[in-house]
Amino acid sequence: MKKSNPVQKPVAKPKSPRKSSHPSTSSDFTELRSLQEIKDLIEFVAEKEFDEIELERGDFRLRLRKGGSPAMAESPVHLAMPTMQHVVAPPVVVPQTAQPPVAVPSSPVATPIVEAAPAEENLHIITSPIVGTFYRASSPTTEPFIKLGDLIEANQTLCIIEAMKLMNEIQSDVSGTVIKVLVENGQPVEYGQPLFGIKL
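Residues 600 to 799, numbered by our numbering, are exactly what the sequence shown covers, in order.
Structure follows, in structure tokens:
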């Protein structure tokens with residue numbers, strides 16, 4: 600008699616857990632959150648006008664520095680070759696009963712010497728149309744554009760006012776005689792400040 604071989608039953612192998620095709624979003628969320636914090640920090644620095652701010656959290660360190668204009672080696676500005684802009688000063692007529700305003704020096708130490716003739720009525724006052732520095736000539740070695748007692752024409756250059764490194768020619772809007780020079784050379788002037796008194 601032949602012995603029958605016992606039938607071996609297949610043994611079911613345990614199934615290995617299937618890996619998820621979707622990666623964990625924990626690191627992504629942390630990264631997005633960090634990016635949002637950095638963005639908020641940049642906006643905060645810009646709003647508060649800080650020059651530099653440093654954030655340290657554990658091993659993470661972040662330094663934000665506001666980008667300023669780098670120091671540039673500028674060539675000296677010579678008044679002999681300025682960039683000119685023609686500006687016609689707005690006319691201001693002083694009433695008969697009012698005295699022309701006197702320029703007030705910005706520094707209490709230096710008292711400017713202002714050329715002025717005896718008080719005249721009905722003077723036409725040339726005022727500064729911008730804020731800047733008053734110059735009577737285009738360079739320290741040249742003659743002033745006008746002098747006390749000069750006869751001037753309309754649209755004639757009276758002085759230069761430097762503003763933002765631009766040389767602005769101030770021109771007269773009337774013809775007449777220069778009676779008063781109300782600002783000293785090299786002094787700062789404000790908008791609307793009287794510069795010259797012109798007798799029509």
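Cβ atoms here follow ideal geometry from the backbone N, Cα and C, with glycine treated the same way.
Strand pairing of residue i, partner residues [DSSP]
| i | result |
| --- | --- |
| K798 | L722 and T776 |
| F733 | I760 |
| L663 | I652 |
| V788 | G731 |
| I745 | Note: I745 sits in no beta bridge, so no partner. |
| P739 | According to DSSP, P739 bridges with nothing at all. |
| I751 | G775 |
Whole-angstrom C-beta distance between residue j and residue i, which should lie under 8 Å
| i | j | result |
| --- | --- | --- |
| E651 | R662 | 7 Å |
| S771 | I725 | 6 Å |
| H723 | V773 | 5 Å |
| L654 | L634 | Their Cβ separation, rounded to whole angstroms, is 13 Å, which puts L654 and L634 out of contact at 8 Å. |
Residues of its chain near residue i, where Cβ-Cβ distance is below 7 Å and the 5 sequence neighbours each way are ignored
| i | result |
| --- | --- |
| I745 | I751, L757 and V777 |
| I760 | S727, I729, G731, T732, F733, N767, I769 and V788 |
| Q755 | Q770 and S771 |
| A753 | S771, D772, V773 and S774 |
| G791 | T726 and S727 |
| K798 | E719, L722, G775, T776 and I778 |
| E642 | none |
Beta carbon of residue i nearer than 8 Å to that of residue j
| i | j | result |
| --- | --- | --- |
| T727 | L794 | It is Ser, not Thr, that sits at residue 727 in the sequence shown. Yes, they are a contact pair. |
Neighbourhood of residue i by C-beta, 8 Å cutoff - its chain only, sequence neighbours within 5 removed
| i | result |
| --- | --- |
| I637 | L661 |
| E742 | A736 |
Neighbourhood of residue i by C-beta distance below 6 Å, restricted to the same chain and skipping five residues each side
| i | result |
| --- | --- |
| A762 | I729 and G731 |
| R664 | E651 |
| V644 | I652 and L663 |
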